[in-house]
Amino acid sequence: MSLGTTASGGGPVIALRPLGVGEALDAALKVYRARARDMIVATALVTVPAIVLQVLVQISAGDPQQVTGTDEVTGLPTIDGTAFATYLGGLLVSTLLVVVANNLALAGTTRLSLGAYLGDRPGWGASLRFAWRRIVPLTAVLVVTTVGMLAGLVLCIAPALWLQGIWAVAVPVLLTEDRGAIDSLRRSQELVRGRFWPVLGTILAGGLLASVLQGVLVGPTLILTFVGASFLVTSILTGLAQIVGVALTTPFVAALTAVVYVDLRVRKEGFDLELLARGVGVDPGVETAPSGPTGPVTALANPPVPARPDAGPVAPPGGWGAPAPSPSGPRAVPATPTAEADGSGG
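Be aware that the sequence shown starts at 83, since it is given in the numbering used here, and climbs by one per residue.
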């Protein structure tokens with residue numbers, strides 16, 4: 083899958099090497115800072131319409147406190163079934179749209195995060211298009227992970243944490259390795275095997291940081307509910323706080339997930355930049371040597387072997403015998419001409 087034209091990002095932000103938990107968090111922050119503008123824009127473009135729709139649906143459905151009442155005769159609490167069904171249905175639909183939008187934003191910002199390793203900057207538009215082409219398997223991964231973790235929470239917290247750990251890098255796998263939803267979940271489990279606790283610790287630490295930031299933003303608006311503020315004002319302020327919180331935290335979660343994924347592949351498979359570039363549809367740009375014996379790489383790898391000097395005839399197995407005497411006696415050695423002879427000859 084090609085991303086089209088990409089802009090230079092000024093070189094890789096993070097080097098490919100194994101990272102500890104603290105180093106992974108630091109690397110995610112570096113990626114976040116390097117690609118913050120594109121990440122925040124990509125997240126906002128996808129999530130703001132969904133959150134605005136959610137707020138409008140909640141306002142049109144009415145104040146949930148008005149759904150309940152008190153029977154004048156018995157004094158027992160009562161529920162308006164029609165109003166409750168309307169409110170609950172609107173809340174479920176709008177929340178589902180927000181979750182899908184967040185998942186698309188997570189995938190787009192994951193692509194931007196992986197680009198930090200390559201030094202390329204595809205832009206928020208190209209990254210969202212890249213993620214949109216995988217929206218069906220992305221949604222399937224979202225459904226499976228959500229249902230699995232909810233079931234794990236019902237049974238006990240431990241199964242939910244186990245699923246969160248083994249499925250931690252399913253989204254980067256799906257985006258870079260061109261796999262289906264179920265295959266991506268299996269592949270994530272395979273990569274995490276043997277590194278479960280460091281992966282889970284990293285993901286939980288990053289999630290805790292994101293949750294604290296969102297709580298700081300959304301918390302004050304929830305207090306308005308308890309001090310008697312109007313439902314309309316509370317809904318609008320909560321929506322605005324949610325927009326800011328999602329726009330700031332989703333890119334960090336995506337960057338951390340990408341860092342963990344690359345770290346696992348570096349440790350287990352000798353992952354390199356060329357493989358990563360091909361996975362996200364970027365030309366690795368590796369220069370190859372000319373073919374044939376005259377190429378520079380071929381010449382260096384296979385230098386010419388110098389010819390051996392002629393050592394003369396090889397002795398027979400029995401060795402050399404004594405030389406035969408000359409029939410005419412010793413051969414006279416010619417005299418060497420002298421300088422005087424040369425001069426007189428002139």
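In this text, a Cβ means the ideal position worked out from N, Cα and C, and glycines have one as well.
(message) Taking the alpha-carbon of residue 104 as reference, which of 318, 288, 335, 311 has the nearest alpha-carbon?
(response) 288
(request) Give every residue of the same chain whose Cβ lies closer than 7 angstroms to the Cβ of residue 226, excluding the five residues on either side of it in the sequence, and list them in chain order. (result) 263, 267
(request) Report the option in 235, 347, 256, 271 whose CA atom is closest to the CA atom of residue 248. (result) Looking from the CA of residue 248, the closest CA among 235, 347, 256, 271 belongs to 271.
(message) Would you say residue 163 lies against chain B (beta-carbon separation less than 7 angstroms)?
(response) The structure shown contains no chain B, having only a single protein chain.
(message) Within the continuous beta strand (DSSP E) that includes residue 159, where are the two ends?
(response) 159–161
(request) Would you kindly work out how many angstroms separate the C-alpha atoms of residue 120 and residue 205, rounded to a whole number? (result) 6 angstroms
(message) According to DSSP, simplified to helix, strand and coil, what is residue 461?
(response) Any question about residue 461 goes unanswered here, given that the chain covers just 83 to 428.
(message) For residue 137, tell me which candidate among 122, 108, 169, 343 has the shortest Cα-Cα distance.
(response) Comparing alpha carbon positions, the residue from 122, 108, 169, 343 closest to residue 137 is 169.
(message) residue 220 and residue 187 - do their beta-carbons sit closer together than 7 angstroms?
(response) no
(message) Our contact map puts residue 129 next to residue 292 with C-beta atoms below 8 angstroms; I'd like the distance itself, whole angstroms only.
(response) Going by Cβ atoms, the distance from residue 129 to residue 292 rounds to 14 angstroms, so no, they are not a contact pair.
(message) Could you compute how far the alpha carbon of residue 173 sits from the alpha carbon of residue 141?
(response) 10 angstroms
(message) For residue 277, which residues in the same chain have their Cβ closer than 8 angstroms to its Cβ, ignoring the five residues on either side in sequence?
(response) Spatial neighbours of residue 277 in its own chain (CB-CB distance under 8 angstroms, excluding positions within 5 residues in sequence) are listed in chain order as 346, 349.
(message) Do residue 250 and residue 191 have their beta-carbon atoms positioned less than 7 angstroms apart in this structure?
(response) no
(request) For residue 450, I'd like the list of residues in its chain whose CB is within less than 8 angstroms of its CB, leaving aside the five on either flank, ordered along the chain. (result) It is not possible to answer for residue 450, since the shown part of the chain is limited to 83 through 428.
(request) Report buried or exposed for residue 102, applying the criterion of at least 16 other Cβ atoms within 10 angstroms of its Cβ. (result) exposed
(message) So, with DSSP's three-state summary, where would you put residue 202?
(response) strand
(request) Confirm, please, whether the CB-CB distance from residue 274 to residue 106 is below 7 angstroms. (result) no
(message) I need the boundaries of the alpha helix (DSSP H) containing residue 251, first residue and last residue.
(response) First-last for residue 251: undefined, no H or E at that position.
(message) For residue 312, count the other beta carbons within 10 Å of its own beta carbon; 16 or more makes it buried, fewer makes it exposed. Which is it?
(response) exposed
(message) Please list the terminal residues of the continuous alpha helix (DSSP H) segment that includes residue 319.
(response) 313–351
(request) Using only alpha-carbon positions, find the residue among 344, 310, 300, 203 that is nearest to residue 327. (result) 300
(request) Taking 7 angstroms as the cut-off, decide whether the C-beta atoms of residue 113 and residue 195 are in contact. (result) The answer is yes: Cβ separation under 7 angstroms.
(request) Let me know the secondary structure DSSP gives residue 381 once reduced to three states. (result) Because residue 381 sits at a pLDDT of 33, beneath the cut-off of 50, its placement in the model cannot be relied upon, and the point is left open.
(message) Can you look up residue 120 in the DSSP assignment and give me helix, strand or coil?
(response) In the structure shown, residue 120 sits in a helix (DSSP, three-state: H, G or I).
(request) Compare the beta carbon distance of residue 269 and residue 198 with 7 angstroms and say whether it is the shorter of the two. (result) no
(request) Locate the alpha helix (DSSP H) running through residue 269, then write down its first and last residues. (result) 263–274
(request) Have a look at residue 321 and residue 126 and give me their C-alpha separation to the nearest angstrom. (result) 13 angstroms
(request) Drop a sphere of 10 angstroms on the beta-carbon of residue 308, count the other beta-carbons inside from all chains shown, and report buried for 16 or more, exposed for fewer. (result) exposed
(message) Let's see if you can read the secondary structure: which residues bound the alpha helix (DSSP H) around residue 230?
(response) 217–237
(message) Nearest by alpha-carbon distance to residue 210: which of 166, 257, 228, 242 is it?
(response) 257
(message) Need the endpoints of the alpha helix (DSSP H) that residue 298 sits in, please.
(response) Start and end: 278–308.
(request) Give the single residue among 338, 306, 171 whose Cα lies nearest to the Cα of residue 280. (result) 338
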